[in-house]
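*Asks:* Under the UniProt record's numbering, think of the first position of the sequence shown as 1, with each following residue one higher.
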Amino acid sequence: MDSPPSPHLLVLPYPLQGHITPLMQLSKLLASRGFSITFVTTDFILKQMLKARQALPADDLHRLGITLTGISDGLHDLHERNCMLQPLDFVASVLFMQTSFDELVGRMVQEQGRHISCIISDSFLLGSQDVADKWHIPRIAYWPNSLAALACCISLPRIMAESSNLDPFKPQVYEEESQELVTCIPGIPEIQACMLPFHTLGGENSELWMRHHIESQIQRVNKPLCFIVNSFPELERDIYTHFEDLLPSKPILPLGPLLPSTFLGGHDDPGTGSSLCDEDEECMQWLDKQTPKSVLYISLGSISTMDEKDLLEFASGLLASNQPFLWVFRPASCESPPDMEMPIGKVIKWAPQLRVLSHEAIGGFLTHCGWNSTLESLSLGVPMLAWPHMLDQLTNCWFLVEKLKVGLRLELDESKKVGRIGVENGIRKLMQEEEAQSMRDRASKFQHLAQSYFKDTLASSLDSLLKMIVSCEAKN
Ligand code: UDX
Numbered sequence: 001m002d003s004p005p006s007p008h009l010l011v012l013p014y015p016l017q018g019h020i021t022p023l024m025q026l027s028k029l030l031a032s033r034g035f036s037i038t039f040v041t042t043d044f045i046l047k048q049m050l051k052a053r054q055a056l057p058a059d060d061l062h063r064l065g066i067t068l069t070g071i072s073d074g075l076h077d078l079h080e081r082n083c084m085l086q087p088l089d090f091v092a093s094v095l096f097m098q099t100s101f102d103e104l105v106g107r108m109v110q111e112q113g114r115h116i117s118c119i120i121s122d123s124f125l126l127g128s129q130d131v132a133d134k135w136h137i138p139r140i141a142y143w144p145n146s147l148a149a150l151a152c153c154i155s156l157p158r159i160m161a162e163s164s165n166l167d168p169f170k171p172q173v174y175e176e177e178s179q180e181l182v183t184c185i186p187g188i189p190e191i192q193a194c195m196l197p198f199h200t201l202g203g204e205n206s207e208l209w210m211r212h213h214i215e216s217q218i219q220r221v222n223k224p225l226c227f228i229v230n231s232f233p234e235l236e237r238d239i240y241t242h243f244e245d246l247l248p249s250k251p252i253l254p255l256g257p258l259l260p261s262t263f264l265g266g267h268d269d270p271g272t273g274s275s276l277c278d279e280d281e282e283c284m285q286w287l288d289k290q291t292p293k294s295v296l297y298i299s300l301g302s303i304s305t306m307d308e309k310d311l312l313e314f315a316s317g318l319l320a321s322n323q324p325f326l327w328v329f330r331p332a333s334c335e336s337p338p339d340m341e342m343p344i345g346k347v348i349k350w351a352p353q354l355r356v357l358s359h360e361a362i363g364g365f366l367t368h369c370g371w372n373s374t375l376e377s378l379s380l381g382v383p384m385l386a387w388p389h390m391l392d393q394l395t396n397c398w399f400l401v402e403k404l405k406v407g408l409r410l411e412l413d414e415s416k417k418v419g420r421i422g423v424e425n426g427i428r429k430l431m432q433e434e435e436a437q438s439m440r441d442r443a444s445k446f447q448h449l450a451q452s453y454f455k456d457t458l459a460s461s462l463d464s465l466l467k468m469i470v471s472c473e474a475k476n
């Protein structure tokens with residue numbers, strides 16, 4: 001008798017590096033448990049994934065049970081594509097992706113007669129829920145940020161009710177660093193208003209869009225089967241235990257850190273296979289020559305940008321600190337790179353970040369606090385100097401500085417801009433002063449917790465996910 005076909009999942013990340021990597025990692029975990037995965041992304045991202053030197057060849061992924069498929073984001077070649085799309089491009093492309101995703105699902109179901117057991121898609125791609133509903137396919141939402149950020153977003157109505165004067169979408173709340181305390185978020189006894197994850201940098205339209213986006217998320221929060229979060233319970237214990245107060249009917253499945261097992265004390269793993277850029281290999285040899293714990297790693301993720309003035313201030317403070325550094329400077333992040341001699345540091349375009357953070361020469365990480373970078377740094381025991389720019393990065397900064405005490409915040413100048421003195425002082429405190437060792441000790445505690453979760457609990461969390469999908473399929 002033929003054995004039943006393996007459950008087939010469509011996995012759809014938001015088309016950005018920080019969303020693609022963890023979902024590819026999850027896909028690999030699920031494929032290793034017999035799922036067949038169609039990993040769907042935009043044609044543009046797919047091209048980048050296939051081109052990047054360190055990417056896993058599509059054939060290798062296929063052998064693991066993962067097939068890559070591209071859909072259009074409607075932007076064609078109208079834009080100079082350099083990972084620096086404008087906010088409105090993102091809105092337009094996300095809307096367009098809903099249509100292309102719907103067409104893809106329609107083709108698979110109607111023309112090819114392919115069964116789809118479940119769609120796992122990014123929470124930011126709200127339209128994928130409509131596609132799932134239309135084709136009567138269960139959907140699981142992947143939340144790409146911390147549990148704390150999810151708690152803040154779902155608590156938006158409570159936050160607005162708690163203080164009639166506070167509009168958390170107003171740029172002033174963040175620009176003036178409002179210290180008003182928000183105390184109504186389950187699992188977060190208090191957080192300053194300026195650390196909420198609602199700050200956009202794209203002007204009035206992006207504020208409106210963000211408000212609409214969060215409200216739409218809240219309206220549909222009960223639709224998916226469950227939420228997968230790239231976090232682990234020990235890391236966000238208080239929030240995890242209070243989550244039922246916020247979402248009584250929805251299971252939250254923490255499945256993180258979604259990193260290749262090699263970085264969590266496990267066996268060899270061929271890497272995530274989803275880098276969109278060529279990683280600089282030489283920097284590893286350069287790190288080999290540095291003293292242990294002496295190098296500051298600097299990266300502001302895949303989309304942050306700086307103006308020329310900020311860049312000059314930043315680079316001047318960095319040089320004044322006299323600390324060896326490895327700086328990822330994406331050419332697209334500033335119109336003109338600093339024209340300075342960097343005698344004690346190395347500037348590269350894209351790093352093998354996990355390998356860099358695990359190198360013994362690294363003593364600290366100056367980060368924009370994207371959730372992946374934060375989680376990677378914690379999982380590898382590296383303390384952080386936090387320079388958050390927007391959205392969940394602010395909440396992540398609060399989390400690592402005030403809650404976990406594994407980092408400190410970069411002090412801005414009086415006009416709330418980056419200044420050379422703040423940069424120099426921050427680097428000294430992170431890398432050289434007494435406080436540094438205790439932050440490092442606390443960070444390594446989280447490294448052990450991440451490894452324990454991976455070793456002892458991840459398998460049963462994956463089993464729960466598997467059971468949920470299979471039982472939902474049986475009911476349909
Ligand atoms: C975006 C948002 O900006 C962030 O707020 C949100 O939490 C996730 O999505 P991004 O800014 O790219 O992410 O930052 P981050 O979440 O840190 O993800 C960046 C990823 O790129 C990390 O996995 C990191 O390891 C990788 N990276 C970064 C490299 O591999 N090499 C580099 O040189 C820089």
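Where a beta carbon is used, it is the ideal one built from N, C-alpha and C, also for glycine.
#1: Would a C-beta distance cut-off of 8 Å place residue 371 and residue 146 closer than the cut-off?
#2: Taking only three categories from DSSP, how would you classify residue 130?
#3: CB of residue 21 to nearest heavy atom of the ligand UDX: below 7 Å?
#4: Could you check what DSSP says for residue 9 in three-state terms: helix, strand or coil?
#5: First and last residue of the beta strand (DSSP E) that includes residue 122?
#6: Any heavy atom of the ligand UDX closer than 7 Å to the Cβ of residue 102?
#7: Could you tell me the alpha carbon to alpha carbon distance between residue 326 and residue 290, rounded to whole angstroms?
#8: Which one or two residues does DSSP pair with residue 72 in a beta bridge?
#9: Looking only at its chain, what residues have a beta carbon closer than 8 Å to the beta carbon of residue 214, apart from the 5 residues adjacent to it on each side?
#10: Per DSSP, what kind of secondary structure is residue 384 in: helix, strand or coil?
#11: Just the Cα atoms here: how many angstroms apart are residue 232 and residue 252?
#12: At a cut-off of 7 Å, is residue 328 close to the ligand UDX when judged by its beta-carbon and the heavy atoms of the ligand?
#13: Using a Cβ distance threshold of 8 Å, determine whether the segment 411-430 contacts the segment 308-318, with at least three qualifying pairs required.
#14: Flag residue 148 as yes when its Cβ comes closer than 7 Å to any non-hydrogen atom of the ligand UDX, and as no otherwise.
#15: Counting only the same chain and skipping the five closest in sequence on each side, list residues whose C-beta sits under 8 Å from that of residue 444.
#16: Assign residue 136 to buried or exposed, taking buried as 16 or more other Cβ atoms, counted over all protein chains shown, within 10 Å of its Cβ.
#17: For a test of the three-state rule: what should DSSP assign to residue 223, helix, strand or coil?
#18: Looking at the structure shown, is residue 295 part of a helix, part of a strand, or coil, going by DSSP?
#19: Kindly examine the ligand UDX and report whether one of its heavy atoms sits closer than 7 Å to the Cβ of residue 376.
#20: Out of 32, 350 and 52, point me to the one whose CA is closest to residue 479's CA.
#21: In the DSSP assignment, what are the bridge partners of residue 405?
#22: When DSSP builds the beta bridges, which residues end up paired with residue 326?
#23: Could you check whether the Cβ of residue 17 sits closer than 7 Å to any heavy atom belonging to the ligand UDX?
#24: From this set, 89, 62, 175 and 257, which residue's C-alpha is nearest residue 413's C-alpha?
#25: Have a look at 439, 243, 276 and 468 and flag the residue whose alpha-carbon is nearest the alpha-carbon of residue 330.
#26: Applying the 10 Å Cβ sphere with the 16-neighbour rule, what's the burial state of residue 28?
#27: Starting from the C-beta of residue 265, find all residues in its chain whose C-beta is less than 6 Å away, skip the five residues before and the five after it, and write them out in chain order.
#28: Would you kindly work out how many angstroms separate the C-alpha atoms of residue 181 and residue 191, rounded to a whole number?
#29: Considering only C-alpha positions, which residue in the set 92, 19, 14 and 35 is nearest to residue 465?
#30: Rounded to whole angstroms, how far is the Cβ of residue 37 from the Cβ of residue 66, which I believe are closer than 8 Å?
#31: Go ahead and pull the three-state DSSP assignment for residue 178.
#32: For residue 78, which residues of its own chain have a beta-carbon under 7 Å away from its beta-carbon, when the five flanking residues on both sides are left out?
#33: Can you tell me whether residue 339 is buried or exposed? The criterion is at least 16 other CB atoms within 10 Å of its CB, across all chains shown.
#34: Could you give the DSSP three-state label for residue 157: helix, strand or coil?
*Replies:* So, from the listed chains and residues:
#1: Taking 8 Å as the cut-off, the Cβ atoms of residue 371 and residue 146 count as close.
#2: Assignment of residue 130 by DSSP, reduced to helix, strand and coil, places it in the helix class.
#3: Yes; taking the cut-off as 7 Å, the Cβ of residue 21 has a heavy atom of the ligand UDX nearer than that.
#4: Three-state DSSP puts residue 9 in a strand.
#5: Per DSSP, the continuous beta strand (DSSP E) segment holding residue 122 begins and ends at 118-122.
#6: Every heavy atom of the ligand UDX is 7 Å or more from the Cβ of residue 102, so no.
#7: In a straight line, the C-alpha of residue 326 is about 11 Å away from that of residue 290.
#8: In the DSSP assignment, no residue is bridged to residue 72.
#9: 153, 156 and 198, listed in sequence order.
#10: The DSSP-derived three-state label of residue 384 is strand.
#11: Rounded to whole angstroms, the separation of the alpha carbons of residue 252 and residue 232 is 11 Å.
#12: Between the ligand UDX and the CB of residue 328, the shortest heavy atom gap is smaller than 7 Å.
#13: The segment 411-430, when compared against the segment 308-318, does touch it at the 8 Å Cβ threshold.
#14: Checking every heavy atom of the ligand UDX against the Cβ of residue 148, none is found closer than 7 Å.
#15: Counting only Cβ-Cβ distances below 8 Å, and skipping sequence neighbours, we find 381.
#16: Answer is exposed; the Cβ neighbour count stays below 16.
#17: Of the three classes helix, strand and coil, the one that applies to residue 223 here is coil, per DSSP.
#18: Strand, per DSSP.
#19: Yes, the Cβ of residue 376 comes within 7 Å of a heavy atom of the ligand UDX.
#20: Outside the modelled stretch of the chain, which goes from 1 to 476, sits residue 479, for which no answer is possible.
#21: Beta-bridge pairing links residue 405 to no other residue.
#22: 297 and 346.
#23: Yes; taking the cut-off as 7 Å, the Cβ of residue 17 has a heavy atom of the ligand UDX nearer than that.
#24: From the listed residues 89, 62, 175 and 257, the smallest Cα separation to residue 413 is found for 175.
#25: Residue 330 has its Cα closest to that of 276, out of 439, 243, 276 and 468.
#26: Burial call: buried.
#27: Counting only residues of its own chain and dropping the five nearest sequence neighbours on each side, residue 265 has a CB closer than 6 Å to the CB of 451.
#28: Whole-angstrom Cα-Cα distance: 6 Å.
#29: Looking only at 92, 19, 14 and 35, the smallest Cα-Cα distance to residue 465 is reached by 35.
#30: So it is a contact: roughly 5 Å between Cβ atoms.
#31: DSSP places residue 178 in coil when its eight states are reduced to three.
#32: Model confidence at residue 78 stands at a pLDDT of 48, short of 50, so the residue's coordinates are unreliable; what they give is reported in the following sentence. Non-local beta-carbon contacts of residue 78 in its own chain, meaning distances under 7 Å to residues more than five positions away in sequence, are absent.
#33: It is exposed - the Cβ of residue 339 has fewer than 16 other Cβ atoms within 10 Å.
#34: Helix.
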